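J.: Residue numbering for the sequence shown follows UniProt numbering, beginning at 1 and increasing consecutively.
Input: one structure, supplied below.
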Amino acid sequence: MSNGPVIHFFAGKGGAGKSTLATAFALNLLEANGKEKILLLSLENPGGMADLIKKKLGTKPTRLFPGKGNGGLFAAEADWAAYADAYVKFAKPQLMAAAVKGQVLGEDDLKKVFEASLANAGETGFLFNLLELAEAKEYDRVVIDGWSTTHALRLFDHATNVRRLCAHIRAERTFRPSKNAVRPATPVDELAAKADAVNALLKDVKRFGVHVCAVAEPVGESQIKNLVKGLQERGVPVLEIIADMIEDGKGSREVENRRGLQAPHVRKYATLTSKLELVQRRIVGPRGLDEVKKFAKEWSTGKETKALQFSPAEAPPALVRAPSMPPMAAPPIPPTRFIFFVGSGGVGKSSCAAAAAVTLTEKEGPVLLISVDPSHSLSDVLQSRLTDTETQVKGTKGLYAREIDFANWFGNLKKKIRELAEPMFGPEAKGEQFAVDKEIFRNLLDAAPVGMDELAAMTALTDALVQERFKRIVIDPAPSSNSIRVLELPAIAKPWFGAIQAIATKYKAKGGAALLAWVEGQLNHIARFEKAILNPNECRFIVVTRGEELSVPAAERLVENLKEQKLPVERVLVNRVLPKTTCPVTEERRKNELEVAKLVEKKIGLPVTMAPALGRHPAGLRELKGFRTSWYAAAAILKSKAA
């Protein structure tokens, strides 16, 4: 086996070409050593890799290219149901055995809590499966087409969360044996050991490493800095940063200007890592295995990185504004309280949401613009420092913005739950005998299922809705290729809250009344949220995409997913369409984007709105307002010969 980690995880900014880069990297591994058996695994199911290589993939590995002997490149999509089942099969008996009669609760009460905690366990199961892949050595290398910044960090935390739950059960906080003492055996020792092994794998540079995929843009830079910092804090090795879609600066002043905009971001990336690779932007990205293989060969030489180096003189130009369309051509925003701008990473959801909020404020009065994506972008887009409180944006009369601080919100909620549990068990006393039920209920969120972090987002949105302070609530959610995380919360949260509600009801007279009232309040919040998002008079979804061929299947799947849930989809917004120009390179890209817009309109069957690419990404109130007034209905221009 050649030198380097066994498992290569590709993560980074949405739209940075993770699928293309991961596939090309796997092909180069095979080219370097044909005897190796390599697995290329896509975490999106179905996802970008199948769209990229134009080959249907399943959860069983498919051979893409043969190697020497048993070697070769195999590809598969993550089997989330199988990962969840395997994890539950392993963890559930141990947790059930740990559910013993406690200070207040009976054995069956704790079993309800532990069983509810195992819901939505696919991502945790995936990490445990990854450990098995590393130990089984069926494959010499595993290349993972991973997730965007926040989702990747969330994934790497799952084993730590399992370990924290085991620590509560094992009384690790209260029982700390000396060096010569042996900790008494507990039912969850095997689960704790496996979680420790997963964390050890993620921190072992000889077995695991992350390739950070980036684009040279303001929002992209902010998110990449947070990702690299988050990985370093967790001890996860960062192998390199790959900056994709770098302009070569040749052919015209427009291309030169776009390269100048990229210069400061690339220089910043160079300070974050010892290895920075640059990949040139193609007029049309590779599609199909043969084209990806050709791209992989070009990338492997390292010539692009050398050719694309930036000189000290290269810098951003002045703003070049795209021509606005007539005001009547810009479709109005739907008259609903909730307006979600949804789509894959890197399509410009934050800019579109902010631009809509700015213009709505001028026309209608108080508007709340809220980011429920842990990788926040609104501060950069608005050029205003935002916090987890509704803050009026300077220079506006009624635009308020908020970026939810998930960590702080959860920390405060944990304190609150600890207070709610005290009437049932009494305050913590020094030297008191350990009771597993008290420890679990004082740290109840550590026994919650994966995905409950979205409770912060759902609570903030529902609070804003019921207070009726704002006429419109414009939402910038986390990237979503197939589904939207905050919309999945009710299905995850209701069973868990139901289990807690049953226990609190049972012990209402023994101090459970406060906890019961809180749980019932949460269930009411969930019901109000579900009612709002299903009502087209209260909520609409605008799907944002790009004029690129690979973006169409993702947008199509997202619209289908929303419609299956009976959620009201308003339109598709094709963002960053280049304006008409005399530059041959830009004009060729523009024609490709218009062809993709036609395809979107034909395949998805919803009204299509176009948003132009400005000279740089719009930021600040003036640019955002100009950007919004440049939106136009696609129908007229797509039918026009002059387009």
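Where a beta carbon is used, it is the ideal one built from N, C-alpha and C, also for glycine.
Quick caveat, the model's predicted, so the values are computed rather than measured.
Whole angstroms is fine: what's the gap from Asn443's alpha carbon to Met424's?
T.: Here the question's residue 443 lines up with position 443 in the sequence shown. Here the question's residue 424 lines up with position 424 in the sequence shown. For Asn443 and Met424, the distance between alpha carbons rounds to 14 Å.
J.: Taking the straight line between their C-alpha atoms, what separation do you get for Ala315 and Leu272?
T.: Along the sequence shown, read from residue 1 onward, the residue named residue 315 stands at position 315. Along the sequence shown, read from residue 1 onward, the residue named residue 272 stands at position 272. Taking the straight line from one Cα to the other gives about 20 Å.
J.: Return the CA-CA distance between Ser168 and Lys203, expressed in angstroms with no decimal places.
T.: Here residue 168 corresponds to residue number 168 of the sequence shown, with the count starting at 1. Here residue 203 corresponds to residue number 203 of the sequence shown, with the count starting at 1. According to the sequence provided, residue 168 is His. The question's Ser does not apply to it. Approximately 24 Å between the Cα atoms of the pair.
J.: Does Ser551 come out as helix, strand or coil in the three-state DSSP assignment?
T.: In the sequence shown, counting from the first residue as 1, residue 551 sits at position 551. In the structure shown, Ser551 sits in a helix (DSSP, three-state: H, G or I).
J.: Once you ignore the five residues that flank Leu95 on each side, which residues in its own chain have a CB closer than 6 Å to its CB?
T.: Taking the first residue of the sequence shown as position 1, residue 95 is located at position 95. Cβ neighbours of Leu95 beyond the five flanking positions: Phe114.
J.: Leaving out five residues on either side along the sequence, give the residues of the same chain with a beta carbon under 8 Å from the beta carbon of Ser344.
T.: Counted from its first residue, the sequence shown places residue 344 at position 344. Gly14, Gly15, Pro479, Ser480, Ser481, Thr545, Ser551, Ala554, Ala555, Leu558.
J.: With a threshold of 7 Å on Cβ separation, who are the neighbours of Tyr83 within its own chain once the five nearest residues in sequence on each side are excluded?
T.: Position 83 of the sequence shown, counted from the first residue, corresponds to residue 83. Around Tyr83: Gly122, Gly125, Phe126, Asn129.
J.: Going by C-alpha to C-alpha distance, which of Thr361, Asn161, Ala26, Ala421 sits closest to Val198?
T.: As a working mapping, residue 198 is identified with position 198 in the sequence shown. Among Thr361, Asn161, Ala26, Ala421, the Cα nearest to that of Val198 is on Asn161.
J.: At 4 residues or longer, what runs of the alpha helix (DSSP H) sit wholly inside the stretch 98 to 126?
T.: Runs of the alpha helix (DSSP H) inside the stretch 98 to 126: 107 to 117.
J.: For my contact list, Leu523 and Phe497 are in at a C-beta cut-off of 8 Å; report their separation, rounded to the angstrom.
T.: Stepping through the sequence shown from its first residue, residue 523 is reached at position 523. Stepping through the sequence shown from its first residue, residue 497 is reached at position 497. That pair is a contact at about 5 Å.
J.: Mind the definition here: the stretch 469 to 477 touches the stretch 492 to 511 only if three or more C-beta pairs lie below 8 Å; say whether that holds.
T.: Short answer: they don't touch.
J.: Relative to the alpha-carbon of Thr59, which residue among Gly48, Asp51, Leu43, Glu570 has its alpha-carbon at the smallest distance?
T.: Stepping through the sequence shown from its first residue, residue 59 is reached at position 59. The residue with the shortest Cα to Cα distance from Thr59 is Leu43.
J.: In chain order, what residues of the same chain lie with their CB nearer than 8 Å to the CB of Val466, ignoring the 5 residues before and after it?
T.: Numbered from its first residue, the sequence shown carries residue 466 at position 466. Contacts found: Arg528.
J.: Just the Cα atoms here: how many angstroms apart are Ala322 and Ala152?
T.: For the purposes of this step, residue 322 is taken as residue 322 along the sequence shown, with counting starting at 1. For the purposes of this step, residue 152 is taken as residue 152 along the sequence shown, with counting starting at 1. Model confidence at Ala322 stands at a pLDDT of 49, short of 50, so the residue's coordinates are unreliable and nothing is read from them.
J.: Nearest to Ile7 by alpha carbon, out of Pro237, Lys111, Asp109?
T.: Within the sequence shown, the letter at position 7 stands for residue 7. Looking at the Cα atoms, Pro237 is the closest of the given residues.
J.: What's the C-alpha gap between Val255 and Gly285?
T.: If you number the sequence shown from 1, residue 255 lands on position 255. If you number the sequence shown from 1, residue 285 lands on position 285. Spanning the two alpha carbons is a distance of roughly 17 Å.
J.: Give every residue of the same chain whose Cβ lies closer than 6 Å to the Cβ of Ser222, excluding the five residues on either side of it in the sequence, and list them in chain order.
T.: Translated into positions along the sequence shown, residue 222 becomes position 222. So the list reads Asp380, once near-sequence residues are dropped.
J.: Closest by CA to Ala613, which one among Arg183, Trp631, Val436?
T.: The sequence position of residue 613 within the sequence shown is 613, counting from 1. Comparing Cα positions, the closest option is Trp631.
J.: From this set, Ala401, Pro184, Pro335, Leu52, which residue's C-alpha is nearest Val358's C-alpha?
T.: Position 358 of the sequence shown, counted from the first residue, corresponds to residue 358. The shortest Cα separation from Val358 among Ala401, Pro184, Pro335, Leu52 belongs to Ala401.
J.: With three or more C-beta pairs closer than 8 Å as the rule, is the stretch 398 to 415 touching the stretch 63 to 75?
T.: Judged by Cβ distances under 8 Å, the stretch 63 to 75 makes no contact with the stretch 398 to 415, as fewer than three pairs qualify.
J.: Kindly identify the DSSP beta-bridge partner or partners of Leu278.
T.: What you label residue 278 is simply residue 278 of the sequence shown in a count that begins at 1. DSSP lists Ala243 as partners of Leu278.
J.: Compute the beta-carbon to beta-carbon distance between Glu233 and Glu277, rounded to the nearest angstrom, for a pair I have assumed lies under 8 Å.
T.: Locating residue 233 in the sequence shown gives position 233, counting from the first residue. Locating residue 277 in the sequence shown gives position 277, counting from the first residue. Rounded, the Cβ-Cβ distance is 24 Å, inconsistent with contact.
J.: Can we say the stretch 31 to 39 touches the stretch 134 to 144, given the rule of at least three CB pairs closer than 8 Å?
T.: Segments in contact, yes.
J.: CB-CB under 6 Å to Pro326, same chain, minus the five flanking residues each way: which ones, in chain order?
T.: Looking up residue 326 in the sequence shown gives position 326. The predicted position of Pro326 is uncertain, since its pLDDT is 48 and thus under 50; a value taken from the coordinates is nonetheless stated next. Correct list: empty, nothing qualifies.
J.: Excluding five sequence neighbours on each side, which residues of the same chain lie with their C-beta closer than 7 Å to the C-beta of Leu231?
T.: For the purposes of this step, residue 231 is identified with residue 231 of the sequence shown, where counting begins at 1. Contacts found: Val210, Val238.
J.: For Ile283, count neighbouring Cβ atoms within 10 angstroms of its own Cβ and tell me buried if that reaches 16, exposed if not.
T.: Counting from 1 along the sequence shown, the entry for residue 283 is found at position 283. Looking at its Cβ environment, which holds fewer than 16 other Cβ atoms inside 10 Å, Ile283 is exposed.
J.: Among residues of its own chain, excluding the 5 on either side of Gly511, which ones have a beta-carbon nearer than 6 Å to its beta-carbon?
T.: What you label residue 511 is simply residue 511 of the sequence shown in a count that begins at 1. The answer, listed in chain order, is Pro423, Met424.
J.: Please name the residue or residues paired with Lys37 in a DSSP beta bridge.
T.: As a working mapping, residue 37 is identified with position 37 in the sequence shown. Gly72, per the DSSP bridge assignment.
J.: By a C-beta neighbour count over all protein chains shown, 10 Å radius and 16 as the cutoff for buried, is Gly302 buried or exposed?
T.: Mapped onto the sequence shown, residue 302 falls at position 302. Per the 10 Å Cβ criterion, exposed.
J.: Mark Asn412 as exposed unless 16 or more other C-beta atoms lie within 10 angstroms of its C-beta, in which case mark it buried.
T.: Locating residue 412 in the sequence shown gives position 412, counting from the first residue. Answer is exposed; the Cβ neighbour count stays below 16.
J.: Going by DSSP in three states, Phe406 sits in which element: helix, strand or coil?
T.: Sequence index remark: in the sequence shown, residue 406 carries index 406 (1-based). Phe406 falls in the helix class under three-state DSSP.
J.: Can you look up Leu368 in the DSSP assignment and give me helix, strand or coil?
T.: Counting from 1 along the sequence shown, the entry for residue 368 is found at position 368. Three-state result, Leu368: strand.
J.: By Cβ distance, which residues of its chain are closer than 7 Å to Glu291, with the 5 residues on each side in sequence left out?
T.: As a first step, residue 291 is located in the sequence shown; it is residue number 291 there, counting from the start. Cβ within range, chain order: n/a, list empty.
J.: Between the alpha carbons of Glu172 and Gly220, how many angstroms are there, rounded?
T.: For this step, residue 172 is matched to residue 172 along the sequence shown. For this step, residue 220 is matched to residue 220 along the sequence shown. Cα to Cα, the separation comes out at about 41 Å.
J.: Return the CA-CA distance between Pro366 and Thr391, expressed in angstroms with no decimal places.
T.: Residue 366 sits at position 366 when you count from the first residue of the sequence shown. Residue 391 sits at position 391 when you count from the first residue of the sequence shown. Between Pro366 and Thr391, the C-alpha separation is close to 12 Å.
J.: In three-state DSSP terms, what is Gly58?
T.: Counted from its first residue, the sequence shown places residue 58 at position 58. In the structure shown, Gly58 sits in coil (DSSP, three-state: anything other than H, G, I, E or B).
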